[in-house]
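Trainee: According to UniProt numbering, the stretch in the sequence shown is residues 1 to 148, in order.
For every residue, glycine included, the Cβ atom is placed at its ideal position computed from N, Cα and C.
Since the structure is predicted, the reported quantities are computational estimates derived from the model, not experimental observations.
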Amino acid sequence: MTSNAKARSAARLAAVQALYQHEMESSRLIQLLDEFHQHRLGKEIEEDQYNQADQPFFDDIVRGTISRMEEIDELVQSKLADGWTLKRLDKTMLQILRAGAYELVARQDVPKATAISEYVDVAHAFFDAREAKFVNGVLDAVAKDARD
């Protein structure tokens, strides 16, 4: 993996964390981005060294996902099984799906397979294989609408 690809992977993981924080604390966007720029991206936290992230890419995912949340939520909701709602999803899972859907909808420069694979990898950081397969299935369905 190239250093640029690693930086984008780190940006995706951090974006999911930032979106989770925004969801839980209703953080103002400017404060949220500043906190991640100053204290998280590429920093050591509790003896874990975080990879250097592609900051403009991180900013775009967080800003774009938040600004297009209603559109993204409708798209993700439409891909869930009958009887499932966004409210039933784990909060971290919801942010993974939102960020992945944003990238599929808005970042035509990122290949579809790359975006899906990257968010499946993010899911593996938090969940078991079953949930990662769920991310793959939902984002694949989103990609069919967003890219085809």
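Using beta-carbon positions only, say whether I66 and E103 come within less than 9 Å of one another.
Mentor: Looking up residue 66 in the sequence shown gives position 66. Looking up residue 103 in the sequence shown gives position 103. It is not a contact, given that the beta carbons lie outside the stated cut-off.
Trainee: Give me the Cβ distance between T92 and Y20, rounded to the nearest whole Å; I'm assuming they're in contact under 8 Å.
Mentor: Locating residue 92 in the sequence shown gives position 92, where the first residue counts as 1. Locating residue 20 in the sequence shown gives position 20, where the first residue counts as 1. Yes, T92 and Y20 are in contact; Cβ-Cβ is about 6 Å, under 8 Å.
Trainee: Do you know how far the Cα of A15 is from the Cα of D59?
Mentor: Looking up residue 59 in the sequence shown gives position 59. Looking up residue 15 in the sequence shown gives position 15. Looking at the two C-alpha atoms, the distance is approximately 8 Å.
Trainee: Work out the CA separation of H124 and A132 for me, nearest whole Å.
Mentor: Position 132 of the sequence shown, counted from the first residue, corresponds to residue 132. Position 124 of the sequence shown, counted from the first residue, corresponds to residue 124. Looking at the two C-alpha atoms, the distance is approximately 6 Å.
Trainee: For D54, count neighbouring Cβ atoms within 10 angstroms of its own Cβ and tell me buried if that reaches 16, exposed if not.
Mentor: Counted from its first residue, the sequence shown places residue 54 at position 54. D54 is buried by the Cβ-count criterion.
Trainee: Is the Cβ-Cβ distance between F127 and D90 less than 9 Å?
Mentor: Here the question's residue 127 lines up with position 127 in the sequence shown. Here the question's residue 90 lines up with position 90 in the sequence shown. Against a cut-off of 9 Å, the Cβ pair of D90 and F127 comes out as a contact.
Trainee: Can you tell me which of A10, V105, R8 puts its alpha carbon nearest to the alpha carbon of E71?
Mentor: Residue mapping note: residue 71 aligns to position 71 of the sequence shown, counting from 1. The residue with the shortest Cα to Cα distance from E71 is V105.
Trainee: Below 7 Å CB to CB, which residues in the same chain sit around Q22 once its five sequence neighbours on both sides are set aside?
Mentor: Counted from its first residue, the sequence shown places residue 22 at position 22. Checking the sequence shown, residue 22 turns out to be His, not Gln. Cβ within range, chain order: L32, I66.
Trainee: Just to confirm my understanding: we take K112, look at its own chain, exclude 5 residues before and 5 after, and list those with CB closer than 6 Å. What are they?
Mentor: Here residue 112 corresponds to residue number 112 of the sequence shown, with the count starting at 1. Within the same chain, K112 has close Cβ partners A143, R147.
Trainee: Let me know the secondary structure DSSP gives F134 once reduced to three states.
Mentor: For the purposes of this step, residue 134 is taken as the residue at position 134 of the sequence shown. In the structure shown, F134 sits in a helix (DSSP, three-state: H, G or I).
Trainee: Please state if the CB of V120 and the CB of L13 are separated by a distance shorter than 9 Å.
Mentor: Locating residue 13 in the sequence shown gives position 13, counting from the first residue. Locating residue 120 in the sequence shown gives position 120, counting from the first residue. No, Cβ-Cβ distance for L13 and V120 is not below 9 Å.
Trainee: Contact defined as beta carbons within less than 8 Å: I believe F57 pairs with R8. What is the distance between those atoms, to the nearest angstrom?
Mentor: Your numbering for residue 57 matches position 57 in the sequence shown. Your numbering for residue 8 matches position 8 in the sequence shown. About 6 Å separates the two Cβ atoms, so the contact holds.
Trainee: Taking the alpha carbon of G137 as the reference point, which residue from K79, D109, L94 has its own alpha carbon closest?
Mentor: Indexing the sequence shown from 1 puts residue 137 at position 137. Checking every option, the nearest Cα to that of G137 belongs to K79.
Trainee: Can you tell me where the alpha helix (DSSP H) holding D54 begins and where it ends?
Mentor: Looking up residue 54 in the sequence shown gives position 54. Here D54 belongs to no alpha helix (DSSP H), and DSSP marks it neither H nor E.
Trainee: If distances are taken between C-alpha atoms only, which option among R63, I96, Q95 comes closest to R28?
Mentor: Sequence index remark: in the sequence shown, residue 28 carries index 28 (1-based). Among R63, I96, Q95, the Cα nearest to that of R28 is on R63.
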